[in-house]
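Below is one structure; the comments refer to it alone.
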Amino acid sequence: MSRSIRLLNLLQLLREYRYPVTAKVLAERLRISQRSVYRDIESLREQGVSIDAAAGLGFQLKENFLLPPMTLNETEIEAIFLALNWLSEIPDQALKSASTSVLAKLNAVLPTHCQHLLQQTTLRSIQTWLPVDEQLVEQVRIAIRQQVKIMVDYADEQQRVSSRVLWPFALGYFNDRIVLAAWCELRNGFRHFRIDRIQQLSLSQELYPHFKQQLFQQWWRQEVCHSTTDKN
Numbered sequence: 001m002s003r004s005i006r007l008l009n010l011l012q013l014l015r016e017y018r019y020p021v022t023a024k025v026l027a028e029r030l031r032i033s034q035r036s037v038y039r040d041i042e043s044l045r046e047q048g049v050s051i052d053a054a055a056g057l058g059f060q061l062k063e064n065f066l067l068p069p070m071t072l073n074e075t076e077i078e079a080i081f082l083a084l085n086w087l088s089e090i091p092d093q094a095l096k097s098a099s100t101s102v103l104a105k106l107n108a109v110l111p112t113h114c115q116h117l118l119q120q121t122t123l124r125s126i127q128t129w130l131p132v133d134e135q136l137v138e139q140v141r142i143a144i145r146q147q148v149k150i151m152v153d154y155a156d157e158q159q160r161v162s163s164r165v166l167w168p169f170a171l172g173y174f175n176d177r178i179v180l181a182a183w184c185e186l187r188n189g190f191r192h193f194r195i196d197r198i199q200q201l202s203l204s205q206e207l208y209p210h211f212k213q214q215l216f217q218q219w220w221r222q223e224v225c226h227s228t229t230d231k232n
């Protein structure tokens, strides 16, 4: 792995933690030495990245790092509103609340004429979802964010239930259902799981052995390959 890619991975990892994270944890996640972590942190600081360090607690990326100015045109505002409107109907209470919060923050920082456009737009998203446990959906998102394994009891189309250990790395929102993409230890391969068919779920504290971005890229290449083969 080149040093530039390692620095990008470190920066991405720091973004994922809301609280200070130790060099030991960062080293384990990146599979490098703690000495390399300290050296890479210093390199990022020299490039202008604002990283706080607290003795005994670790490192934390400042929230205001590289925030762009709020310069949105009318079409971009409409796109954001439509996306947030769609999100407000999703079966995940945390994301619903987040959509309302983001809309309020956006309305507070936009110029007056843009605020008027945001308030007056009549664009709407109409969506119907299959019933799911919203708390379970949130647990899956947390597992993906933290890159930890989950244990599920899953019912297939014939209502046969199996227990699985999964490495969750992506959620897809398709028409009326939410689908989880994960590596399945039972099948030793990538599998898709409808969230409405998960009967029980528990989060582990065990990190799965790859970054979620790596799993997503491997899965995506496999899906594209299968799609191309099917067309041929």
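No gaps in the numbering here: position 59 of the sequence shown is 59 in the UniProt record's numbering, and each next residue is one more. Yeah, the Cβ is synthetic: ideal placement off N, Cα and C, and Gly gets one too.
Item to check | Residue ranges of each beta strand (DSSP E) within the UniProt domain "Helix-turn-helix type 11" (6 to 60), 3 or longer | outcome: You should have 51 to 54.
Next on the checklist: Among Leu95, Ile198 and Leu171, whose alpha-carbon lies nearest the alpha-carbon of Asp156?
Outcome noted: Nearest option by C-alpha distance: Ile198.
Checklist entry - Taking just the CA atoms, how far does Tyr17 sit from Ile77? => result One C-alpha to the other measures close to 29 angstroms.
Checklist entry - Looking at Asp153 and Ile178, is the spacing between their C-beta atoms short of 9 angstroms? => result No, the pair does not count as a contact, with Cβ atoms beyond the cut-off.
Item to check | Candidates Gln159, Arg145, Ile90 and Leu117, of which the one nearest Gln213 by Cα | outcome: The option with the nearest alpha carbon to Gln213 is Arg145.
Item to check | Rounded separation between Pro209 and Ser50 - CA only | outcome: In this structure, the CA atom of Pro209 is about 29 angstroms from the CA atom of Ser50.
Next on the checklist: Do Val140 and Leu171 count as a contact pair if the criterion is CB distance below 9 angstroms?
Outcome noted: In terms of Cβ geometry, Leu171 and Val140 form a close pair [threshold 9 angstroms].
Next on the checklist: Taking only three categories from DSSP, how would you classify residue 234?
Outcome noted: This structure cannot settle anything about residue 234, because the visible part of the chain is limited to 1 through 232.
Next on the checklist: If distances are taken between C-alpha atoms only, which option among Trp183, Thr75 and Ser163 comes closest to Phe169?
Outcome noted: Here the closest residue by C-alpha is Trp183.
Item to check | Residues of its chain near Asp92, where Cβ-Cβ distance is below 8 angstroms and the 5 sequence neighbours each way are ignored | outcome: Cβ neighbours of Asp92 beyond the five flanking positions: Glu134, Val137, Glu138 and Arg141.
Checklist entry - Given a threshold of 16 other Cβ atoms within 10 Å of its Cβ, counted over all protein chains shown, does Asn9 qualify as buried or as exposed? => result So Asn9 counts as buried.
Checklist entry - From the DSSP output, which residues share a beta bridge with Val168? => result It should be noted that the sequence gives Pro, not Val, for residue 168. Partner(s): Ala182.
Checklist entry - In whole angstroms, what is the alpha-carbon distance linking Ser4 and Val165? => result Roughly 33 angstroms separates the two Cα atoms.
Item to check | Closest residue to Ile126 among Gln12, Ile90 and Tyr19 (Cα-Cα distance) | outcome: Nearest Cα to Ile126 within the set Gln12, Ile90 and Tyr19: Ile90.
Item to check | Start and end residues, alpha helix (DSSP H) containing Ser204 | outcome: Looking at the DSSP string, Ser204 is not in any alpha helix (DSSP H); the run it does join, the beta strand (DSSP E), is Ile198 to Leu207.
Checklist entry - Sorted by chain position, which residues of the same chain lie with C-beta nearer than 7 angstroms to Thr121's C-beta, five sequence neighbours on each side aside? => result Cβ within range, chain order: Glu78 and Phe81.
Item to check | When Phe190, Gln205, Leu84 and Ser204 are compared against Trp220, the one with the closest alpha-carbon | outcome: When C-alpha distances from Trp220 are compared across Phe190, Gln205, Leu84 and Ser204, the shortest belongs to Phe190.
Item to check | Segment limits, beta strand (DSSP E) that includes Phe81 | outcome: Unbroken run through Phe81 is the alpha helix (DSSP H), Glu74 to Leu87; no beta strand (DSSP E).
Item to check | For Cys225 and Asn232, the rounded distance between their alpha carbons | outcome: Because the pLDDT of Asn232 is 41, which lies under 50, any placement of that residue in the model is unreliable, and the question is left without a value.
Item to check | Opening and closing residue of the beta strand (DSSP E) in which His192 lies | outcome: Annotation for His192: the continuous beta strand (DSSP E) segment containing it runs Gly189 to Arg194.
Checklist entry - Within 8 angstroms: the Cβ of Gly48 and any heavy atom of the ligand FAD? => result Among the components modelled here there is no ligand, and therefore nothing to report on the ligand FAD.
Next on the checklist: Would Gly58 and Thr100 qualify as a contact pair, given that the criterion is a beta-carbon distance under 9 angstroms?
Outcome noted: Cβ distance not < 9 angstroms, so Gly58 and Thr100 don't count as in contact.
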